[in-house]
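Peer 1: I have a structure here, written as structure tokens, and I will follow up with some questions on it.
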Amino acid sequence: MKLFKFASIDVGSNAVRLLFTNVFETDNGPIFRKLSLVRVPIRLGEDAFIHGKIGEEKTDQLIKTMRSFRHLMNVHQVLDYRAYATSAMREASNSKFILSEIKRYADIDLQIVSGDTEADTISFEDLPDYIPHLDGAVFIDVGGGSTELTYLKEGHKIDSISLKIGTIRLLHNTVSQELWDELKAWLDKNNVLDSNTPILGTGGNINKILKVLRKQQSDYFITVEDLKSFSEELSAVDYDERISRFVLNPDRADVILPACKIFLTASAWLGSERIYVPKLGLSDGIARDLYKKYKA
892 MKLFKFASID
902 VGSNAVRLLF
912 TNVFETDNGP
922 IFRKLSLVRV
932 PIRLGEDAFI
942 HGKIGEEKTD
952 QLIKTMRSFR
962 HLMNVHQVLD
972 YRAYATSAMR
982 EASNSKFILS
992 EIKRYADIDL
1002 QIVSGDTEAD
1012 TISFEDLPDY
1022 IPHLDGAVFI
1032 DVGGGSTELT
1042 YLKEGHKIDS
1052 ISLKIGTIRL
1062 LHNTVSQELW
1072 DELKAWLDKN
1082 NVLDSNTPIL
1092 GTGGNINKIL
1102 KVLRKQQSDY
1112 FITVEDLKSF
1122 SEELSAVDYD
1132 ERISRFVLNP
1142 DRADVILPAC
1152 KIFLTASAWL
1162 GSERIYVPKL
1172 GLSDGIARDL
1182 YKKYKA
């Protein structure tokens, strides 16, 4: 059996992640197995979305994080890696300088990708077996700086959009009504308003919500009604109590409520009753793209 090991780096607006993935080649096709994940909550978006640039402290944190990632990749002896930066780095006026410093001190080529590339990289055509076949679905990836939506029909992309509606932006009240209108107009354009279309939800917040709300370990979805109730519970308690009651990380306890708002707003317009959670993200998509590159 042939084994490939890849590293995926996702420099997001809330956290920076390094995922190691093993790919086993079998007679029935490749099997992807997550080996380990390192997550560092730097919150680049707090600087980028409010001040328009990333400050010295967070720049230093990011460079140190990437240096540690380089050491880990060397120890793991990965075949290849890819590093993507998303919304916060897209908007920061000093992003080019930061990219050059990361290359200089960590020897990592970090690429700033568009919202469309971000949406396309998340592998919705290779959903886990526990996700049922859906004739149509709206894939929603909620991040700190942006939300990517993709309309799927029979597992194939029909249309996608990236909007500057993110959990950190909502936390700091920087999301305009026009952006919500644009989201609704996109759903209308694709004829899915009030259509009872299910949602495929990705991102750290919806993954955590699934852990909290799943009724049994094998559940791969949450109901919109349960999400509404959970959102109300979160709103009723303060930050510290959210951490203790729901066992949330400090950097999750504040952004989880804005994430609920995004999913609940989309589900209300879609008429969705369920949100399926395939536990896929940008890092997983990068690993699949790296494997395809080596098999091309």
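In this note's numbering, the protein residues as written are 892 to 1187. Built from N, CA and C at the ideal position, the CB exists for glycine as well. Computed from a prediction, not measured in an experiment: that's the story for all the values here.
Just to confirm before moving on: does the CB-CB distance between Ile1003 and Thr1038 stay below 9 Å?
Peer 2: no
Peer 1: When you compare the CB positions of Tyr1167 and Leu1084, do they come within less than 9 Å of one another, or not?
Peer 2: no
Peer 1: In terms of DSSP beta bridges, what is Pro1190 paired with?
Peer 2: Any property of residue 1190 remains undetermined from this structure, which presents the chain solely from 892 to 1187.
Peer 1: Per DSSP, Ala979 forms a beta bridge with which residues?
Peer 2: DSSP output for Ala979 lists no bridge partner at all.
Peer 1: At which residue ranges does the segment 942-974 contain complete alpha helix (DSSP H) runs of 4 or more residues, listed in the order of the chain?
Peer 2: 947-967
Peer 1: How long is the line joining the alpha carbons of Leu1195 and Gly1176, rounded to whole angstroms?
Peer 2: Residue 1195 lies beyond the range of the chain shown here (892 to 1187); nothing can be said about it.
Peer 1: What's the C-alpha gap between Ser1158 and Glu1164?
Peer 2: 7 Å
Peer 1: Helix, strand or coil for Ala1028? Go by DSSP, reduced to three states.
Peer 2: strand
Peer 1: Could you name the residues of the same chain whose beta carbon sits closer than 8 Å to that of Leu928, not counting the 5 residues immediately before and after it, in chain order?
Peer 2: Cβ within range, chain order: Arg908, Leu909, Leu910, Phe911 and Ser1174.
Peer 1: Is the CB-CB distance between Val1033 and Asn1096 below 9 Å?
Peer 2: yes
Peer 1: Which stretch, first to last residue, makes up the beta strand (DSSP E) that contains Ile933?
Peer 2: Run containing Ile933: none; DSSP gives neither H nor E here.
Peer 1: Does the Cβ of Tyr972 have 16 or more other Cβ atoms within 10 Å, making it buried, or fewer, making it exposed?
Peer 2: buried
Peer 1: Quick check on the burial criterion: 16 or more other C-beta atoms within 10 angstroms. Buried or exposed for Ile1049?
Peer 2: exposed
Peer 1: To the nearest angstrom, how far is it from the Cα of Tyr975 to the Cα of Tyr1130?
Peer 2: 31 Å
Peer 1: Give the secondary structure of Glu1039 by DSSP, where H, G and I count as helix, E and B as strand, and everything else as coil.
Peer 2: strand
Peer 1: Ile1056 by DSSP, collapsed to three states: which one?
Peer 2: If DSSP states are grouped into helix, strand and coil, Ile1056 belongs with coil.
Peer 1: Using the Cα positions of Ser1122 and Arg995, report the straight-line distance between them to the nearest angstrom.
Peer 2: Straight-line Cα distance between these residues: approximately 44 Å.
Peer 1: Report back the beta-carbon spacing between Ile954 and Ala997 to the nearest angstrom; my notes put them in contact at under 8 Å.
Peer 2: 7 Å
Peer 1: Taking 9 Å as the threshold (C-beta atoms), are Gly1035 and Val1146 in contact?
Peer 2: yes
Peer 1: Which of the three DSSP states, helix, strand or coil, is assigned to Gln1002?
Peer 2: strand
Peer 1: From this set, Glu937, Ser984, Glu982 and Leu1001, which residue's C-alpha is nearest Arg958's C-alpha?
Peer 2: Leu1001
Peer 1: If we call anything under 9 Å between Cβ atoms a contact, is Ala898 one with His967?
Peer 2: yes
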